[in-house]
Amino acid sequence: MNENLQNINDFLETKLAEISIDDESKANIKKKIKDFFDIIKRYFKDIRGYAFGGSFDRYTSIPSYFDIDLYCIFTYNSIKSLSGINLRNKLMNILRQLETDDDEDLTPYYVQVKSQNKYYHSIPIILDNIKIDFLAAVEIPNKPNTYYIPNGDKIEESSPILIQEKVQNFNKQTNGMGTKLIRLLKLWNYTHGKHLKSYQLELLCCFIFIDRNKAKKFDSLKRGIEIFMDKGFNYIQMKETSFVKGMLDSNISYEAINQFREAKELILNKRWDKLFVKDT
521 MNENLQNIND FLETKLAEIS IDDESKANIK KKIKDFFDII KRYFKDIRGY
571 AFGGSFDRYT SIPSYFDIDL YCIFTYNSIK SLSGINLRNK LMNILRQLET
621 DDDEDLTPYY VQVKSQNKYY HSIPIILDNI KIDFLAAVEI PNKPNTYYIP
671 NGDKIEESSP ILIQEKVQNF NKQTNGMGTK LIRLLKLWNY THGKHLKSYQ
721 LELLCCFIFI DRNKAKKFDS LKRGIEIFMD KGFNYIQMKE TSFVKGMLDS
771 NISYEAINQF REAKELILNK RWDKLFVKDT
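Anchor point for the sequence shown: position 8 equals 528 in the working numbering, and the numbering is continuous, going up by one each time.
Listed below in structure tokens is the structure:
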């Protein structure tokens with residue numbers, strides 16, 4: 521490895537250290553969420569439990585871009601007569617009750633339901649200092665780890681474990697560097713306006729390196745970023761594959777494409793430090 525490459529990778533490793541979430545903090549967050557759901561289930565019997573659906577459980581979260589997608593799982597039989605928006609409202613009412621209840625025997629935690637668009641699929645709350653996106657989820661008979669999620673007047677099917685499996689495969693194929701790369705890219709995305717959604721970035725990474733067989737060329741974090749910026753820019757600009765059309769097409773903005781273009785120019789001009797500086 522030449523000196524220049526070593527220096528860049530040292531810089532990238534330093535950035536990773538700055539956005540690390542240590543295991544103890546992660547364990548404390550998980551325990552608090554478990555305790556909170558134990559309280560919810562005590563008062564609302566038609567809730568079976570919960571499941572993580574976002575990057576927190578995949579070790580790809582970063583502190584600045586941090587919230588936890590949490591599926592609040594209702595049993596199918598208990599709510600099958602409810603429409604999507606009514607199910608979401610039911611969960612909203614539960615959270616609002618916990619927000620306004622002063623009885624510490626009910627919940628010892630500070631709970632705040634944040635303002636939101638009523639047609640959006642998640643309900644953002646603060647649990648003490650933890651940002652959580654709550655999603656009402658209905659277990660689907662004969663489909664383990666797959667749920668119906670209300671999104672406005674529609675019901676969507678979601679299987680959060682699928683992305684987790686893709687990321688795990690990505691890590692396996694890249695000797696554990698996959699999640700490191702994703703976290704650095706999330707820092708880049710965050711500092712330049714979050715024009716890519718978190719799941720889009722993760723799926724695009726998995727697509728480029730696994731489905732398009734670029735993992736063998738991913739021998740350093742520097743090389744991984746170079747490949748992602750080059751191939752990601754081409755795929756979302758040309759929209760040439762069914763994967764991109766199916767997962768990204770309608771949601772990729774002009775700002776996201778321009779963000780890729782600027783990143784490629786910074787790399788070509790060896791201004792790696794500027795990748796992680798907020799736009800002014």
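Cβ atoms here follow ideal geometry from the backbone N, Cα and C, with glycine treated the same way.
1. Around the Cβ of tyrosine 667, are there at least 16 other Cβ atoms within 10 angstroms (buried) or fewer (exposed)?
2. Since leucine 590 sits in a beta bridge, which residues does DSSP pair it with?
3. Return the chain-ordered list of same chain residues with a C-beta closer than 8 Å to the C-beta of glutamine 693, the five sequence neighbours on each side being excluded.
4. With a floor of 4 residues, list each alpha helix (DSSP H) that falls wholly inside the region 693 to 745, ordered by position along the chain.
5. Once DSSP output is grouped into helix, strand and coil, what is the label at isoleucine 756?
6. Would you mind sorting lysine 535 into buried or exposed? The rule is 16 or more other CB atoms within 10 Å of its CB.
7. Which residue wins for smallest C-alpha separation from serine 635, given the options Met612, Leu618 and Pro628?
8. So, do the region 650 to 663 and the region 682 to 696 have three or more beta carbon pairs nearer to each other than 8 Å?
9. In the DSSP assignment, find the unbroken beta strand (DSSP E) run with serine 540 in it and report its ends.
10. Between the alpha carbons of alanine 571 and tyrosine 591, how many angstroms are there, rounded?
11. Give me the residue from Val797, Ile669 and Pro583 with the minimum Cα distance to arginine 608.
12. Which one or two residues does DSSP pair with isoleucine 559 in a beta bridge?
The answer reads as follows:
1. One-based indexing of the sequence shown puts residue 667 at position 147. Classification for tyrosine 667: buried.
2. Position 70 of the sequence shown, counted from the start, is the residue given in the question as residue 590. By DSSP's assignment, leucine 590 forms a beta bridge with Phe572 and Phe654.
3. The count along the sequence shown starts at 1 and reaches residue 693 at position 173. Cβ neighbours of glutamine 693 beyond the five flanking positions: Phe729, Ile730 and Ala735.
4. 698 to 711 and 718 to 726
5. As a working mapping, residue 756 is identified with position 236 in the sequence shown. Correct three-state label for isoleucine 756: helix.
6. For the purposes of this step, residue 535 is taken as the residue at position 15 of the sequence shown. Under this definition lysine 535 is a buried residue.
7. Start at 1 with the first residue of the sequence shown, and residue 635 comes out as number 115. Cα-wise, what sits closest to serine 635 is Met612.
8. no
9. Looking up residue 540 in the sequence shown gives position 20. Careful: serine 540 lies outside any beta strand (DSSP E) and carries neither H nor E.
10. Walking along the sequence shown from the start, residue 571 turns up at place 51. Walking along the sequence shown from the start, residue 591 turns up at place 71. Cα to Cα, alanine 571 sits roughly 5 Å from tyrosine 591.
11. Within the sequence shown, the letter at position 88 stands for residue 608. Taking only the C-alpha atoms, the option nearest arginine 608 is Ile669.
12. Numbered from its first residue, the sequence shown carries residue 559 at position 39. Isoleucine 559 is not bridged to any residue.
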